[in-house]
Every structure is written in structure tokens, then in C-alpha cells.
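K.L.:
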Amino acid sequence: MSKLSFRARALDAAKPLPIYRNGDIPDLNDCVSINRAVPQMPTGMEKEEELEHHLQRAICAQQVFREKKESMVIPVPEAEGNINYYDRLYKGDFRQPKQLIHIQPFGLDSEQPDYDMDSEDETLLNRLNRKMELKPLQFEIMVDRLEKASANQLVTLQEAKLLLNEDDYLLKSVYDYWVRKRKNCRGPSLIPQVKQEKRDGSTNNDAYVAFRRRTEKMQTRKNRKNDEASYEKMLKLRREFSRTVTILEMIKKREKSKRELLHLTLEVVEKRYQLGDFSGDVLSEVSVPLAEKTVYPAPICLPNGNRHKTENKIKSHKSVPKHHPHNVTVKVEPHFDFVRPHKKYTRRPKLETLRPPSRPERPHTVNNADIKQYDFHSSGEEDYLLSPSSEPDEENDPDGAFVFRRRVGCSYLAPLSEQSSSSPVGLAGTNAMWQRNALTALSVPRRCVGVARRRLGRGGRLLLDRSSADLDRALRHLDPGAFCPFVAPSDAFPLNTDTHMDTCTNAHDPAPFRTHPQRSLAQLLTDIQACRWRYFQTRSLHQNQKEESGKKALQEDDRRGGGPIVTSSSRNAVLGGVQCSSSMTGCSLIVENKLVFRNTASLDTVSKTLDSASAQFAASAVVSTSNKESKSHSPAVNGILPNSGSRQTKFSSSGSSSARLSGASSKPLPAVPQSLPHGHGPLSSVSAVSPAHTHHNSARPCAPSPPALKLATIASSLDRVPKVTPASAIDSIGRDKHEPERLALNGIAETTVAMEVT
Amino acid sequence: MTDSSVEIVEGCRLPVLRKNQENEDEWPLAEILSVKDTLGRKLYYVHYVDFNKRLDEWVTPDRLDIKKLQFPKKEAKTPTKNGLPGSRPSSPDRDVVREATLDSFYPTYVHCTNGTTRRILPSQPGRKRKNCGTDEDSQDSSDGIPSAPRMTGSLVSDRSHDDIVTRMKNIDCIELGRHRLKPWYFSPYPQELTSLPVLYLCEFCLKYLKSLKCLQRHLTKCNLRHPPGNEIYRKGTISFFEIDGRKNKTYSQNLCLLAKCFLDHKTLYYDTDPFLFYVMTEYDSKGFHIVGYFSKEKESTEDYNVACILTLPPYQRRGYGKLLIEFSYELSKVEGKTGTPEKPLSDLGLLSYRSYWSQTILEILMELKSDNGERPQITINEISEITSVKKEDVISTLQYLNLINYYKGQYILTLSEDIVEGHERAMQKRHLRIDPKCLHFTPKDWSKRGKW
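Residue numbers (full-length UniProt numbering), protein chains in the order written: chain A, 1 to 758; chain B, 1 to 452.
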């Protein structure tokens, strides 16, 4: 006891403690007293609980007896005995695998319904099973779905029908039963679930709410104070990026359209060169009626900078419509570079050879105006599709100061279908020009008026624009009777009583053409014309119907490749078209092929751009493509083939001018009406190019055009040497036609990908 | 007994008849926590003073010694109790300031230490409470304490959230595989299931079902025959499965719900994400049957190597608890850390851990051989390192066993004869041991995986 006078040192955990056993324990008395010097460690229990009777008893017992006595254990509520039905409940044996069990993550649930049938359900099931087969699992799935679909409110019967997709009677019975049961149910759901917390904190003290989510603060790192802020920033950034993506998407579309425009412009120039339209007469004539068409919401405003440059650089071309663009074909090529970026060259070496070195790329500025307006600003990376589209451009100049301009906030109705037949809107640029100039004969003073074009005036009047060509006189001498076969039917239509137009709506009827002999020149002419009409008729009509919104046209134009919009109805139309053309020359066939090709092309393109609209289009295109493919081939086999075949072979060389089918078809008759091929020739492939644009477009033709241009040149010069394509990869007509498109397609694909990446 | 002259209400204290372990009659003092009226017969929920809550039960009036009834003394008690909020085993009802008739169901106010006034419903029949769910909600929000429990750990010692609901068992009976279990404490199973005479659990996925028929149906769809985790230990029929509370929420939650029935201090306030669950199973031809489990925080800031630990009642007092504890320390050994169970310990937890610690430490001390004739010695740190038992626990165990003594200016460890004998006897009974060779466990560094 005296030892207490000095303090025991603190227990040092690092200091060795000698161990004394049994006998050699020194002086127990000393030890006991000093033991107090060691601070008592807490038991780790709650104070009140520590004092509980049974625990204390147990502790004492242990201290005393060094082991627990049976009577001294802490009593617990006793569990009842064995469950005798256990083996029936848990059926089957489970063999212990040799290796340790390793579960596959996420491989646990086989999507079984959480709802378990009770005996009440079983009664219902038995009742129902008298009438129909309803397995318990099926029932459980039904209830499970109903339960999970009804969060706050029970699903209605209608919703249930959508949800369950079962037989009506069965569904009704189960649904009614479920509703009843649900209403009697004391819990919030028939599938018992632990009560969830409410975010408003009202359940903070609810004892039945469990497994609350830890607040978000805990999930972010402690050392980053700005976590919340940065999270918000990230969200914002994400939003903005997605907006950017949208903008880029739109730019992409715009650029595609621009590319098309350029391409078309090129074609126009090309064709005009073929035509010898150096005075711009043909062009102006052609472009007049198009003024009515308001396809695009806003008139096209070319960004100044770009245009200036173009204009400055190629003054001579600027005035193409008015002046004599003799040199166009030759000079055009260098100017392509304006719009062509470098990329192009690397991608398409073939074309590159045709072009001089490129100019530096223009800065890519994106602003609202860019998106809304049609400009050439950031043109560039895209390839040219043969499909023309940009009619709006044509509006620019023909009316000069009186150009129709869309006003913001105004809604413009789509053109009526009848009208549209005369003024094809939209995508089918080719149609448009097909329609434009045609060898025309009047029915009342029965005579041929030469190359003319019908259009619908603003007041609904029918106007006939005649184009003066060198061959006019020769044409006028043509026997109008030669047109008889198809004049007659066209006359039947009120619209066309006064004139016989290429746009006659009844051209669906192929009968007159089928019987047509094709010996004489006049007949040949007719044929051509017929073919042209045919082709146009069907296409333009339906396309116009489809194409209510010009905007859409712009966007989709490139994809469609100027081809038909393919929906079921248009498919029929195309079919009709094909049948019509079956009596005609191969050109129609070619057209069809072209269509097909374009469709596939568009399909490819679309598949690369991931927006749903295009995807849908692509899907329809596939359908229609296959459809058309078969269609387009069959007519060729029955009877027309001789014609077309001969013609094709005959003019294959010239026809190879990059798929200008009209060119191909017109080539056969070079001798007599030179103007005829020119009359509609350029139009066939070049659609909506306003004179205004023609000049500058011609100033900067685009990628596919060099070969095309060349071809056209050669063709027009009646050089029939098959070896016209500089790109020697082209060996057949079919290929010829597709080639540029394919290139274009590739271009699109590339572009698209690039855009997606950004 | 239900004399109309005396109203037995919540808060009353009186001797209640109960059988002790020797099946003898006892009349311990008990407190009425709740009264319910079923079919015209009153039932009283009683808490035996100084007995663990797990023994609380519904009793019939004939078990009440109404002659010794003590009414709650509001004036006398309120001030004294005010300083000990939720102190146990006193019931909050004793704090209730009663103003009107005692059987009124009007909300009354309880003064808590934090100065806020908390409104609780005076004990009502549990059923009644259930039906006024909206009231309950508003009640909770009105109390205006935005205090949410701390987000680490799995146990609560602060009982300020204790109310009459959580103080009473709500599940009568649980059927789990071959066994029927009598829950000891409240568990937040879906409220609509609490009135059932038996709650059925799937033995393997622990899903709760309201009827045997449902269980049958469930078993046709549930093909689990072991806890849905990776088996990290197997020796003989004993296996351990590791379950990530984040990856396997359903099972973890079901396990927690079950465990809560037997763990008073366990909190299910928050999700199971930051925990790993180690489920001990015993294999037979039907599958791997759950015997017990312990949970463990993926990252513990306080050296906890066990959060909650439980041997299911049918398996208790057969060495499984010690096996669980031993396994938890084996994991710590692999991790190279010392660990300690999360506090507070329950009575059974304390006994089990003390027993494990004692045996483990004594085992080491007895094994120590004196080299070159000198007295064997060991530091506390060494013991801690060998056993992975946290230093403080080593010291407390040495103290508890009275091994540590101060002699001649230094601390010594004395192994008395009865200690040695007791230990040897105990070790003979301890058949179940963990074999570290059978453990296939690679600790993960959870801190590098983001929080939880």
C-alpha cells in the first residue's frame, strides 16, 4: 500500500511487458492496488445498456467462473422450431461448386417480375383459367407492370392496354381485379417496398423511411469547394456544345445545298455553252417562270466578301447572262477554286488533275445569319451533287428589284398541286429545267412555236415564254402534226387547252407514245420530247406534292440527289414514270437508273449523318430503290430496249457526258434541230439556277464539273469519241452517270463525318 | 384486471409477470409503452426496466400487477428527465407533459435537450398510427429539426430520434428458411407488412413476402442459392461471401432490414453504398444458408473494421459470432491494419468481443516462449500487430482480464491459474476457427475509386 506514494507511469504500448505465470506472480497485493493507475478503458457500450441486469449478471458470471453458465447468458426472445415444409418450399438440391463462387456483375437478375402472386390472386387465376390460359408468371408480369407504371396514380385501362399487350378480355379482367385489389391495399403498392425518402425533407424523421441517399455533397470530393459550381458549369458547357452541334448540323446542310447550287450553276453554264447561249437569252427565258416559286424562306443574299471576290476575279463571268460567255467552259475551271477547299484535292485526286492549285480556304465564320441565309461563306468542304436544287437563286435576278422576298413572320402556303405541276418546286431541280424549255406546239393555231416554256403567272394565267434560238426557224417548220399523238391528250386538260406543253398533266398516259414510230426525225424529236415530258411529268408532279416546304427541299436536296422523294406514293409515281418512259428511249431508263442511284447515294449519305429525319428518309429510300430498280429494268426489257439500246449505244460516247440524259437523248438528233438538245438539254440536269447566279457560278464551277464540263463540251461539239471522260474510270454510260454522283457522295460522306466529329 | 376505475396508460410502471430462464415466475418492474385494443381485449406493450429492449413484449392484462401501478409523475419527472433526452431505458413518454385526458390522441409536446419542442403522438395502438400517415409526415416536418444523422458508420448512439415507433418491435415473427425468428427490435420493413403474423423471407435473397404463397411463387423465380456475392472464404461448410452495398443494393438492403430486427443501434437511415457485407453461410444440399454477417465500411476514418455484426438467433451461442469476429480480423490482417468494431457495442457484442479478444490475446501470451531462460515479454503494440486488434482494445482486454499489473516500477502481465485454466477450457470448446489459408481476399483501395 505504501507503494501508492509514487505514481505509476502511463502504460506504454511500445514497452515490453514481461509475462509472469502462475507461481512466479510476485506480490499480488501490490499489483491490485496499482492496477487502478491504469486508466480504465471504456467498454464501448452505452451507459444505460451497460447497466442492464442480464449483462451485468453475465459479466459477473464470467468474471467469477471464467466461463458462461447456461443460466447466466443474456436471454433473447426465443425463435420457434423447425419449419417442416421447408423441403417442399425450397425444392431441389444445390451442389456446391468446387471452386469459390464468383458472381458475374449484372448477371444476377433475369428480369423476373417483382410481384409475387398471393392466394387471392390464385383464386382469380383459377377462375380465369377456366376460360383461357393464364400462367402465374404471366399474371405476375402483368401486375408487376401495372404496379410499376402507376407511381402516384393508377394507370388507366387504356394505358394498361398499351402496357400489357394482352388479349382484351384477359386484360380487362386482370386490370379490374388489380384496380380493386390495389384500392384495398394498405400499402402504397402491391409490391411491398421500403418507404422512400421524400426530397422535401418531410420524411427525415420517419422511422419507416430507410436507405436515404447520401447528400450529394458527400459524393463529391471534399477538397474541391467549387464542385457544385463546376458541375453547373459542366452542364452549361454540355448544353452549349449540343447547341453547337445543332448549329454545325445546320451549317452542314447549308453547305451541302451550296455545293449543289454550285454544281447546278456549273451545269447550267455547261449546258448553255453547249447550247451556245452566249447571249443569255435562253437562260433568261428559262429563268423567268421560276421567279414565282418561293422555295426558300429568304431570298438569297450572298455574303458580300465572298461574292465580291468572285466577282472581282471573274468579271467576265459575272455578266454571263447578259454577255457572251464563250470562254466560260475554258475559264470556268480555275474559278472553281474559289469555293473548293484544299481538302477536296486530297480526297479526289482525279478531279484535282483538272484543276489548278487551290486558293486558300475562307475563314469559317458561323453566325446566325449564316445559318438562316444561303451564303457561300463557308462553302468548301463539300462535294458536288449532280442534283440541283437551288431555285431560290433564280429568284434573285429575274425580277430584279421586284424579287419576291419572304418576310419574317409570314407563313407562305405551299403551292397547289396543279400549279406545282407547271412550276415544279423544290428538290427536283432537274425537273424544273426539264420543264422549262421545250419544243412547243400550240394546239389551236396548230403550229410549232419552237422552244418555249410554259409557266403559270401570278394571277393564274398561263404564260408561254419562247426562247429564241438559231434553230427557231427550222423548228417552226416542223409539222405540228408530228406532235399530234400527244397533243390530243394534252388538250383534254383544261389547263392545257391553249397550248400544248411539256408540262401537260396527262402525260401519265403512256398510250400514245408507245405506238410511236421512231423513224423520222420529227418523230424522233417527238420521242425525245415525249420522253422528256414523261419523265418530267411524273417526277415533277409527285415531287411537288411532296415538296411543300421549300426549306425542307433545300435541306434534303442533296440527299435526294434531285431524285424523287421516296415515299410510297412517290414510288407509285415513279413507277408510273417508268412505265411511261418504257415506250420511249433509253434516256428515261437512264433517268430511272439515275434515280435509283441517287437514292442509294442518298441512303449512304444519310446513314452517315445520324439525324433521325434522314434516317427515316434513308429507310424509305431503300425500299423505293429496290422497288425502282426492278421497275426500271423491266421496261427496258420489254420493247423499249431496242430503242434505248440502240440509242444508247449510238450515243454512248456523247451520252457519257456525265449522265446528262437529255444530252444523251438529244445527241441522236444533232443534225436537224441543234437547238433542241440545247433547248432542254441544260435544263435537264441543271435546275434552279438563277441567271444571277449563273454568272458567278460559272465563274466558279465545282469539283465534279470539270469532267462534266469537259464532257459536255465534247459532247456539244459532237465529238463522239467514246473516250471523253478525263477520269478514265468511267467506262460505261451507267457508270458515267453515276460517277459524279458517287464522287459527290463520297464527298458528302467525308464531310458528314467531319461535321459529326466536331 | 381492466378495472374501469384505473386506466393503465403509457408511462405507467408496474410489475409484470415474466418467466425467467429457469422458467420461474418473476415480477420485474415494467413500463407501459403502448396500449392496444384488439377485439375488445387490451394488450399492453411493456418494457422491463433494466432489461434489454429485446425482451419488451405485448402482454395481456392478467400479467400486470395492477396493485402496484405507478402513474407517471409528470411534475417530478419532467425536470430531471429533461437533462437526459432519450436516455434509456426511460421512455419518452415519461417526458410527456400531459394536459388533458390521458387517453387523448392529441399530439403532445416533448422537450428535448436541444431546446426544440418535438411533438410526438402519445402512444397509440400501432395500427392507428399507421393509418394517419399524413399526420405523421406533417408532424415530422413541423418539428423543424433538419438534423440528419452523420453519414459515416452504421450505428447510432444518439437516441434523440428515438420515438415510440422505433422503440417498439413492429414485426411479430420472421420466417427464414428453416427457422422462425422473433425480432428483437424495430425494423423499417414496409409498414403494411408489420401487421402480419409472420413475415416470410426468401432464405437466399432475403426478399420479404407477405405470405407463404408469395414465397412459393417467389421461389419459382429466385434461383439464388447463396448470397449474391463473391465467395472469398470456404472451409468445410462455412463460406464467406462479399457483397458490395453499392453494387447489390437490393440484397444489402434486405440484409440490413433483417439485421435491424436484432441490432438495436443499427441505423438504416442512409443507403448501403459505403459498406461491404460479409455474409457467413453454412452449406448444405439446399444451398448456402445465411448464419450471420458483418458489414464494414469501405473506408473507415476511425479504424473500424466492423460496422454491424450479427449472428442470426438460431445460430447464436454456437461459436459463429466468434468466427465472424475472427474473420473480420483476418481481413484486417490482410489489409495490414488494426481494427475495432464500431461503437456502441451491444451487450452481446461486448461479451462476444471481449471473449474473442481475451482468447486471442491469451493465446498469444501462452504461446510466448522464453528464449534463453529469460522471462518472455511482449509489447502491447506487438499484440496489436499480431492480432490486428486495435491497441485500445488490447489494453481494455488486459484490464478486464486483470492481467496488467504494476510491479517494481514497471507494468507486467500476470497469467493467473484460473485465467489459464479458463482459457484452456474455452479453447477446447472453440472448434470453429478461421483458416487464413482459405481466405481469398484482396483488399481494394476504395479511396482511389471515388467516394463509395
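Cβ coordinates follow ideal geometry from the N, Cα and C atoms, glycine included. Bear in mind that the values here come from a model prediction, so they are computed numbers and not experimental data.
Excluding five sequence neighbours on each side, which residues of the same chain lie with their C-beta closer than 7 Å to the C-beta of Leu171(A)?
P.N.:
Ala160, Lys161, Leu164
K.L.:
Answer yes or no: do residue 463(B) and Leu33(B) have a C-beta to C-beta separation smaller than 8 Å?
P.N.:
Look at the range of chain B in this structure, 1 to 452, and you will see that residue 463(B) is not part of it.
K.L.:
Which of the three DSSP states is assigned to Glu299(B) in this structure?
P.N.:
In the structure shown, Glu299(B) sits in coil (DSSP, three-state: anything other than H, G, I, E or B).
K.L.:
If you measure between the beta carbons of Trp446(B) and Asp393(B), is that distance less than 8 Å?
P.N.:
No, the Cβ-Cβ distance between Trp446(B) and Asp393(B) is not below 8 Å.
K.L.:
Between Gln112(A) and Lys221(B), is the Cβ-Cβ spacing less than 8 Å?
P.N.:
yes
K.L.:
Name the two residues that bound the continuous alpha helix (DSSP H) containing Ser173(A).
P.N.:
168 to 184
K.L.:
Cβ closer than 8 Å: which chain B residues qualify as neighbours of Gly409(A)?
P.N.:
Contacts between Gly409(A) and chain B, judged by CB atoms closer than 8 Å, are missing: the closest CB pair is about 51 Å apart.
K.L.:
Do the CB positions of Asp118(A) and Cys202(B) come within less than 8 Å of each other?
P.N.:
no
K.L.:
Would you mind reading off the limits of the beta strand (DSSP E) that contains Tyr278(B)?
P.N.:
275 to 284
K.L.:
Could you compute how far the alpha carbon of Glu7(B) sits from the alpha carbon of Leu69(B)?
P.N.:
10 Å
K.L.:
Indicate the three-state DSSP secondary structure (helix, strand or coil) for Glu49(A) in the structure shown.
P.N.:
helix
K.L.:
Are the CB atoms of Asn405(B) and Ala14(A) within a distance shorter than 8 Å?
P.N.:
no
K.L.:
Can you tell me whether DSSP reads Thr414(B) as helix, strand or coil?
P.N.:
strand
K.L.:
With C-beta atoms as the reference, is Lys181(A) less than 8 Å away from Leu190(A)?
P.N.:
yes
K.L.:
Looking only at its own chain, which residues have a Cβ that is under 8 Å from the Cβ of Pro642(A), when we skip the five neighbours before and after it?
P.N.:
Below a pLDDT of 50, predicted positions are generally treated as unreliable, and Pro642(A), at 40, falls in that range; the measurement from the model is reported next regardless. Within the same chain, Pro642(A) has no close Cβ partners at all.
K.L.:
Quick check on this structure: which residue in Asn223(B), Glu242(B), Ile238(B), Leu224(B) has the alpha carbon closest to the alpha carbon of Ile232(B)?
P.N.:
Glu242(B)
K.L.:
Among Leu100(A), Glu267(A), Val268(A), Ala210(A), whose alpha-carbon lies nearest the alpha-carbon of Tyr270(B)?
P.N.:
Ala210(A)
K.L.:
Whose C-beta lies closer than 7 Å to the C-beta of Glu282(B) among residues of the same chain, with five residues either side of it excluded?
P.N.:
Thr237, Ile238, His289, Val291
K.L.:
Note down, one range per segment and in chain order, each alpha helix (DSSP H) of at least 4 residues found wholly within the segment 87 to 166 of chain A.
P.N.:
119 to 129, 136 to 149, 157 to 164
K.L.:
Which stretch, first to last residue, makes up the beta strand (DSSP E) that contains Leu43(B)?
P.N.:
Annotation for Leu43(B): the continuous beta strand (DSSP E) segment containing it runs 41 to 48.
K.L.:
Starting from Thr43(A), find everything on chain B with Cβ-Cβ shorter than 8 Å and list it in chain order.
P.N.:
By Cβ distance, chain B contributes Leu345, Leu350, Ser396.
K.L.:
Which one or two residues does DSSP pair with Cys448(A) in a beta bridge?
P.N.:
Ala441(A)
K.L.:
With a threshold of 8 Å, are at least 3 pairs of Cβ atoms found where one atom belongs to the segment 351 to 366 of chain B and the other to the segment 395 to 415 of chain B?
P.N.:
A contact exists between the segment 351 to 366 of chain B and the segment 395 to 415 of chain B.
K.L.:
In its own chain, which residues sit with a C-beta less than 8 Å from the C-beta of Asn20(B), not counting the 5 before and 5 after it?
P.N.:
Glu26
K.L.:
If you drop the 5 nearest sequence neighbours on each side, which residues of the same chain put their C-beta closer than 7 Å to that of Val156(B)?
P.N.:
Non-local C-beta neighbours of Val156(B) in its own chain, meaning closer than 7 Å and more than five positions away in sequence, comprise Pro149, His265, Thr267, ordered along the chain.
K.L.:
Given that a residue counts as buried once 16 or more other Cβ atoms are within 10 Å of its Cβ, and exposed if not, what is Ser257(A)?
P.N.:
buried
K.L.:
Cutting at 7 Å between CB atoms, please list the residues of its own chain near Gly287(B), excluding the five before and the five after it.
P.N.:
Excluding sequence neighbours, Gly287(B) sits near Phe204, Arg225, His226.
K.L.:
What are the start and end residues of each continuous alpha helix (DSSP H) run of 4 or more residues lying completely inside the segment 202 to 269 of chain B, in chain order?
P.N.:
212 to 221, 249 to 260
K.L.:
Could you name the residues that DSSP lists as bridge partners for Gln399(B)?
P.N.:
In DSSP, Gln399(B) forms no bridge with anything.
K.L.:
Any beta carbon of chain B sitting closer than 8 Å to that of Gln212(A)?
P.N.:
Contrary to the premise, residue 212(A) reads as Arg rather than Gln in this sequence. Judged by the 8 Å Cβ criterion, Arg212(A) is in contact with chain B.
K.L.:
Alpha carbon to alpha carbon, what distance is there between Pro228(B) and Val179(A)?
P.N.:
Their Cα atoms are separated by approximately 34 Å.
K.L.:
Measuring only the C-alpha atoms, how far is Leu11(A) from Ala61(A)?
P.N.:
28 Å
K.L.:
Checking 8 Å against the spacing of the C-beta atoms, do Ile434(B) and Leu310(B) come in under that value?
P.N.:
no
K.L.:
If I measure Cβ to Cβ from Ser173(A) and keep anything under 7 Å in the same chain, skipping five residues before and after, which residues do I get?
P.N.:
Leu128
K.L.:
Can you pull the chain A neighbours of Thr442(B), defined as C-beta to C-beta under 9 Å?
P.N.:
None at all; the shortest Cβ gap to chain A is about 13 Å.
K.L.:
So what's Val334(B) in DSSP terms, helix, strand or just coil?
P.N.:
helix
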